[in-house]
Amino acid sequence: MNKPLRRIAIFCGLLVLALLIRDNWLQYVQADELRTDTANRRVNIERYATPRGDIIVDGDPITGSVKSKSSDYEYKRTYKNGPMWAPVTGYASQAFGANQLEKIDDGILTGNDDRLFFRNTLDMITGKKKQGGNVVTTLNGAAQKAAFEGLGNKKGAVAAIDPKTGAILALASTPSYDPSTFAGNSTTTDAKAWDKLQKKNNPDDPMLNRALRETYPPGSTFKVVTAAAALENGLVPDADTKTDSPDPWTMPGTTTELPNEGNLPCKNATLRVALKVSCNTVFGKVGSDLGNDKMLEEAKKFGFGSEQFTPIRSSASVFSDGMNKSQTALSSIGQYNTAATPLQMAMVASAVANDGTLMKPYMVSELSTHNLDVIEHTDPQKLSQPLSEKNAQVLQSMMETVIQSGTGTKAQIPDVTVGGKTGTAQHGIDNSEKPYAWFISYAKLSDGSSPVAVAVVVEDGSANRDDISGGGLAAPIARDVMKAVIDSKK
C-alpha cells in the first residue's frame with residue numbers, strides 16, 4: 047500500500063475508533079443522564095404517560111390525575127383543595143416542571159424509582175401498566191384546615207409540629223395558589239395562570255412558601271430563646287428570682303434607652319413577669335450581659351443558622367455573630383438582624399414542650415408502592431438539646447403564665463394547659479410599615495403529653511396599626527390549630 051493510501055486508511059480507522067468510543071460513551075456512561083434530562087422530551091412523555099402516584103394526608107389522597115385533552119402527555123396532575131395544600135405538595139406541571147414534594151419524590155410518584163423495579167416488573171408480567179407509588183405525609187388535615195382558614199385573606203404562615211417526634215402537622219402559607227391551574231401545557235390557559243402567579247406580576251408572591259422560605263424578625267417570641275440562654279448559662283437561677291434590670295435601661299456604648307411598650311412592671315422583674323408582660327429591658331439586658339457568643343450558641347441549639355430539610359428545604363434562620371453588646375441586646379428581643387422562619391419558631395416552642403429535646407422536623411412518614419407496601423419509613427430523630435429537662439420545665443411554667451394571665455390569653459383552650467409567647471415585630475425603616483404579629487405556643491394534655499407546638503406569623507394585618515399584636519391576631523389562629531390536633535386524637 048502506498049503512503050497516501052496508508053494515511054487515509056489510518057485516518058478512517060481513527061474515525062471509526064472515535065465513533066465507537068463516542069457510541070459507547072453515550073450508551074453506557076451518559077445513558078442515565080440523557081434518560082433523565084428534562085430537556086429530553088421523551089422524559090416528560092414517559093412521566094405523564096400514566097397517572098402519578100398520590101400524596102396522602104390522613105390516609106386519603108390530596109392529589110389525583112386526569113386524562114389530558116390535548117398534547118402527547120397523556121395525564122396531568124389534579125389537586126384537592128390546591129391552595130390549602132400547595133405549601134406541602136408544590137406543583138407538577140407538564141409545562142413548568144415540579145417543585146417541593148412533587149419534585150423531591152418524583153421518582154416514586156412516576157414509578158421510575160429503582161426501588162419500584164420489582165413491583166413494576168410483576169405488573170409488566172401480569173399485563174398491568176406501570177403505576178407510581180405514594181408519598182404518605184405526617185400532616186393533619188384538620189390542623190391544616192384550621193391554619194389555612196385562620197389566616198384567611200391575611201398574608202402570613204403557620205407551622206405546627208408534634209414535639210415528641212418532630213412530625214409536621216400543619217404547614218400553611220397565604221396568599222396561596224392552585225397548582226391545578228397550570229398543571230397542563232396549554233400556551234393559553236396554563237401559561238396565563240402561571241404568569242399571573244409570578245412575583246413580577248403579583249407583588250403578594252403567592253408561590254412563596256412563607257412557612258419555610260421566608261424569614262421575619264421574630265420580635266418578642268425570640269425572648270423564649272433568650273430566657274433559655276439565661277437559664278442554661280446560670281445568669282438567672284429560676285423563673286421567680288428578681289433580675290438586675292433597671293427601667294429605663296440605656297444600651298451599652300450608647301445614649302439610647304431601650305423602651306418597653308407601655309407602663310409595665312419591668313424594673314428588676316423576674317423572668318416570669320418579664321415574659322408575661324414582654325419586657326424589652328429585661329431580655330435586652332439579659333442578652334447583653336450574656337454576650338453575643340453565648341446567645342449565638344443557644345440560638346444554634348434551637349436550629350438557627352442551619353437549613354432544615356423536611357424534606358422540602360427550609361431557609362436558615364439568622365442570629366448574627368460579631369455583634370456588640372447593644373446589637374446583641376436588640377437581637378435578643380427579636381429585632382436588629384434576627385430573622386426566623388415560622389418553622390424555626392415552631393421548633394423553639396416544640397423543644398420547650400418536649401422537656402428540652404428538639405426533634406428533627408419532617409413531613410413524610412413513608413414512601414409506598416401503589417398497593418401500600420412500604421418502601422421507606424421515616425423514624426423520629428433527635429436534632430439537639432437546647433435546654434436541660436429542669437430548665438425546660440421552668441420555661442414551660444413561664445410560658446403557661448403568659449397564657450393564663452399575660453399577653454396570650456386568647457390562646458386558652460378549656461381543660462388544656464397552653465404555654466405560649468406573643469410577639470409584635472417592627473417592620474420597615476424606622477418601623478414605618480405595619481408590624482408583624484407573631485405567636486408561638488404548645489398544648490399540654492392532662493396526662494402530661496404535648497401533641498402539638500405551633501408558630502403563627504401574620505405579615506400585614508388588615509386591622510389598624512395600633513390594633514396589630516401577636517396576642518390579638520396570631521394567638522386565635524394558633525389556638526384553633528392546637529384544638530384541631532387535640533380533637534383529632536379523641
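Sequential numbering from 47 applies to the sequence shown in the numbering used here. Positions of the beta carbon are idealized from the N, C-alpha and C atoms, including for glycine.
query                                                                                                        : result
Closest residue to T289 among V332, T300 and I91 (Cα-Cα distance)                                            : V332
Contact between the stretch 271–281 and the stretch 338–355 (3+ Cβ pairs under 8 Å)                          : yes
Contact belief for F348 with S378 at Cβ below 8 Å, rounded distance in angstroms                             : Actually they are not in contact, since the Cβ atoms of F348 and S378 sit about 13 Å apart, beyond 8 Å.
R123: first and last residue of the uninterrupted beta strand (DSSP E) it sits in                            : Y121 to Y125
Straight-line Cα distance separating A520 from G454                                                          : 10 Å
L389 beta carbon less than 8 Å from that of L429                                                             : no
CA nearest to the CA of D425, picked from Y408, P294, A438 and V440                                          : Y408
Backbone CA spacing between V398 and P97 [nearest angstrom]                                                  : 43 Å
For P209 and V531, the rounded distance between their alpha carbons                                          : 12 Å
Span of the alpha helix (DSSP H) around F57                                                                  : K49 to N70
Closest residue to A524 among K200, V204 and I102 (Cα-Cα distance)                                           : V204
Where the alpha helix (DSSP H) through V270 begins and ends                                                  : K269 to E278
Sequence-distant residues of the same chain with beta carbon closer than 7 Å to T384, five excluded per side : P263, P264, F268, V364, F365 and S377
Beta carbon proximity, Q427 to chain D, threshold 8 Å                                                        : Considering every chain present, this structure includes no chain D. It has just one protein chain.
CB-CB length for S111 against Y121, believed under 8 Å                                                       : 5 Å
Nearest residue (CA-CA) to K536, options K371, L491 and L155                                                 : L491
Helix, strand or coil at T109 [DSSP, three-state]                                                            : strand
First and last residue of the uninterrupted beta strand (DSSP E) at V103                                     : I101 to V103
Nearest-angstrom beta carbon gap, P221 and P252 [assumed within contact, 8 Å]                                : 4 Å
Collapsed DSSP secondary structure at V500 in the structure displayed                                        : strand
Closest by C-alpha distance to A315, when choosing among R52, P292, K49 and R93                              : P292
H423 - partner residues in DSSP beta bridges                                                                 : E412
Uninterrupted beta strand (DSSP E) stretches inside the stretch 381–413 (no shorter than 3 residues)         : none
Unbroken stretches of the alpha helix (DSSP H), 4 residues or longer, contained in the stretch 184–222       : 187–197
T302, buried or exposed, once every other Cβ within 10 Å from all chains shown has been counted against 16   : exposed
N255 in three-state terms, based on DSSP                                                                     : coil
Contact set for D401: own chain, Cβ-Cβ below 6 Å, skip 5 residues either direction                           : E435 and A438
Straight-line Cα distance separating T211 from Q442                                                          : 18 Å
Distance cut-off 7 Å: V498 Cβ against heavy atoms of the ligand ATP                                          : For the ligand ATP, the structure offers nothing, since it holds no ligand at all.
Spatial distance of P50 from A64 (CA atoms)                                                                  : 21 Å
M369 versus M391, G337 and S361, residue with shortest Cα-Cα distance                                        : G337
Own chain residues within Cβ distance below 7 Å of P298, not counting five before or after                   : S334, K371 and S372
Cβ-Cβ distance between A206 and L197 below 8 Å                                                               : no
Through-space distance from N180 to I358, alpha-carbon basis                                                 : 17 Å
For K428, the residue or residues it bridges with in DSSP                                                    : M405
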